[in-house]
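Quick notes on the structure that follows.
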Amino acid sequence: MKNTLTLPTTLAASHPVQFGLSGRLLLFVLPIIALAFLTAWLLGMSSGRLAAFDAFAYPLMFAGIVALELLLLARRHAKTVVTAAVLLSASGFFLAKLVFLVLFAPQGEALAFGFSQSFLWTAGVFVLSFFLPSARLARRVSFAFLVALVVTSLVCVVVAGALDGSRLSAELLNVLVQLNLACLVFFVLARGSHQSTEEHARAVAHTEAVEALLNADALTGLPNRRFLEAHLQQLIGAPEKARKFSVVYLDLDGFKLINDTLGHAAGDEALQEAALRFMTCRRPDEVVARISGDEFVVVLPEREEQACERVDCFLETLRRPLLIEGQVVYLTASAGISHFPQHGENASELLRHADSAMYHVKRRGRNGLRVFEPSNVEQEIGRTLTRDLTAALREGQFSLAYQPLLDLQTRTTVKVEALLRWTHPLHGPISPATFIPLAEVSGLIVPLGDWVLHEACAQVRRWQEAGLRVGVCVNVAPLQFAQPGFVGKVLETVRAHGIPHGALELELTEGALLADPTGVRQALHELKAAGVRTALDDFGTGYSSLSQLRDLPIQTLKIDRSFVRDLEQPGEACQYTEVLIQAVLAVARTLHLGVVAEGIETEAQLRRLREFGVTVGQGYLFSPPRPAAEIEGLSGHL
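Residue numbers (full-length UniProt numbering): 1 to 638.
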């Protein structure tokens, strides 16, 4: 990102014109020119050899240059006028002096002029042309000066020959030829430099035009999100005393209704009118941007207590009736405010927190404002995560970690459980307890579950190719299991990755069994017939009946971690848990089911489970969930 931002037209129009490098350089050059005239005048007077022309022209030029310097200091916009005036006066002075020396001065002075001052003044005129506002104008002025010099020289020669032929000595003609040749050389050099400058200026102008388009919203002409975020970063990086500012997130209320009833053209007109009204309320040091749809952001340099007053101005100017396609429309907006640095240390946090505050206004009736409160962070994250789930799946933000299931006697890995992980680009790792319920409510649990199934089977295939024979357990959500064709999808995935059907075990919760008992039973029978194992996860925490369990063709029961944790509770709680675990084991033995204990974290828990006869378990005592690359090293004893 460049340090300077190219402003969209609507924003740049109100910015003050800066006094650029050429203006500052001109301020430096003019006093030097004035001093040169003053010095020449004073030296000529002190020597007593000051020509009549110089006695008049030197002080006049000195006074004129000083006046132009003062004008430039007083009015920065007058740089072009000042440059033109200096060029005209310098050119006029030089040409007039040339006429004087050729026609009226003694021959000696003409030769002295030719070999001293002439080259300096011609070069000076071309240098001054660089201060003109455009390279094209500079080329034209340089060419005009060259033509004027040649014409003046020819006229002087003709007039001198007509008046007094004796003045046309070989020395004088030689001086004039050298002077014109020098001027031609200076012109060629200046023209090349002007052309290079013009090409560079065109390239810069093109780059700035493209940058301005990238920074502007096409519909309203306001700065867009790209410009806004860069602007916020500049403010954040400003000196400490200038770093306090507020971010206002504005969302038009009921805008969708305008689109639906009056059409999208009317909606665009409403957005343009809203942008225009915001700009009329905006102060020169404030930024108004449209970041998407009907959402605008205002950046205010005011302190916290003044920011709310400024937001009221924006909301009030929006409430005036608006006539669109012959109908009166009333626009209002909900606004949320976040303050830097209290509510965020970067642009993303400030925008997100202002958006969160705006959302609370929406939920409480709209048409108002609210300052962000840190206590709203959890609600804000939940809302934004729901929106981010689709992008997360598309952009590969999900990954799988694998937790080993071990033989509790030998501590060797039996299989692994695939556990879904989400690393959010802004919030970092998100707990499955947070995003899984959001995915279930939004329906994204189905494509997400399909991805987990494919990725887990692909990983088993990679392990097998590396010589590691290990199966994988995959959790299946009730909504995913209830999808038509689920069994066929599972079998096709297993075949596609070329792994044995027995290497995959699907874990279902009791909620999946209750949704459609008949359909679930049929699906489980199909899976069993194909050789795919199934397990009942978190057994004992739901509502499964023994009669249902008897009729379901599952192979494994998983004892919930809450039972394992309670084994270390004092008194009756521990005794009650032991009775429940023993009952589960008795049921499993009767139905010829395997048993897995989840959440084993201490040696005491492990010892008691062994005493009960549990043979397989998992938990942090043995290993946390690990990336796939680390599982090969754990395939032996833990």
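A virtual CB, placed ideally from N, CA and C, is assigned to each residue, including glycine.
- If only uninterrupted beta strand (DSSP E) runs of at least 3 residues are considered, those enclosed by the UniProt domain "GGDEF" (243-374) are 245-252, 287-292, 295-300, 322-324, 327-329, 333-340, 369-371.
- Here LEU300 has PHE245, SER246, VAL248, GLU286, ALA307, ARG310 as same chain residues with Cβ atoms under 7 Å from its own Cβ, once five neighbours each way along the sequence are excluded.
- For ALA401 and GLU598, the gap between their C-alpha atoms comes out near 16 Å.
- Separation of the CB atoms of THR509 and LEU453 is rounded to 16 Å, and the pair is thereby denied contact status at 8 Å.
- For ILE600, the closest of VAL614, GLY594, ARG352, ASP388 by C-alpha to C-alpha distance is VAL614.
- Per DSSP, the continuous alpha helix (DSSP H) segment holding ASP54 begins and ends at 52-74.
- Here the region 386-395 makes no contact with the region 345-357; the two share fewer than three CB pairs at distances below 8 Å.
- Listed in chain order, the non-local C-beta contacts of PRO59 below 7 Å within the same chain comprise TRP41, local neighbours out to five positions each way being set aside.
- Per DSSP, HIS525 is not a residue of any beta strand (DSSP E); the alpha helix (DSSP H) it occupies stretches across 517-530.
- One alpha carbon belongs to GLY617, the other to VAL595, and they sit about 8 Å apart.
- The beta-carbon separation of ALA274 and ILE324, rounded to 11 Å, does not stay under the 8 Å limit for a contact.
- By the neighbour-count definition (other C-beta atoms within 10 Å, threshold 16), ARG290 is a buried residue.
- Going by C-alpha positions, PHE398 is about 21 Å away from LYS489.
- Counting along the chain, SER431 sits inside no alpha helix (DSSP H), nor does DSSP assign it H or E at all.
- Around the C-beta of ASN174, fewer than 16 other C-beta atoms lie within 10 Å, and the residue is accordingly described as exposed.
- Rounded to the nearest angstrom, the Cβ distance from ALA503 to VAL472 is 7 Å, consistent with a contact under 8 Å.
- The region 358-366 makes contact with the region 327-337, as at least three CB pairs between them are under 8 Å.
- Per the C-alpha coordinates, the member of ARG387, LEU385, THR386, GLY344 positioned closest to GLU373 is GLY344.
- Runs of the beta strand (DSSP E) lying entirely within the region 426-478 and spanning at least 3 residues, in chain order: 428-430, 471-476.
- By a beta-carbon distance limit of 8 Å, VAL82 does not contact LEU98. Their separation comes to about 24 Å.
- Between GLN582 and ASP251, the alpha-carbon positions lie close to 59 Å from each other.
- Per DSSP, the beta-bridge partners of GLN403 are GLU417.
- Excluding its 5 nearest sequence neighbours in each direction, LEU557 has C-beta neighbours in its own chain below 6 Å: LEU536, PHE539, ALA588, LEU593, VAL595, listed in chain order.
- Closest in C-alpha terms to ASP294, from the list ALA238, LEU222, GLU302, comes LEU222.
- DSSP, read as helix, strand or coil, puts PRO570 in coil.
- When the five nearest sequence neighbours on each side are left out, the beta carbons in the same chain lying within less than 6 Å of the beta carbon of LEU444 are those of LEU389, in order along the chain.
- The beta carbons of ASP260 and ASN367 sit no closer together than 7 Å.
- Just so you know, the alpha carbons of SER129 and LEU25 end up roughly 13 Å apart.
- ALA477 and GLU302 have their alpha carbons spaced roughly 50 Å apart.
- For ILE559, the enclosing beta strand (DSSP E) covers residues 556-559.
- Residue environment for PHE486: buried (at least 16 other C-beta atoms within 10 angstroms of its C-beta).
- Straight through space, the alpha carbons of ARG225 and GLY124 are spaced by roughly 48 Å.
- Residue nearest to LEU567 within the set LEU591, LEU585, THR602, PRO553 is THR602 (criterion: CA-CA distance).
- When only Cα atoms are considered, VAL177 and ALA96 end up about 18 Å apart.
- Rounded to the nearest angstrom, the gap between the Cα atoms of VAL532 and ARG495 is 12 Å.
- The criterion of a C-beta distance shorter than 7 Å is satisfied by VAL416 and PRO404.
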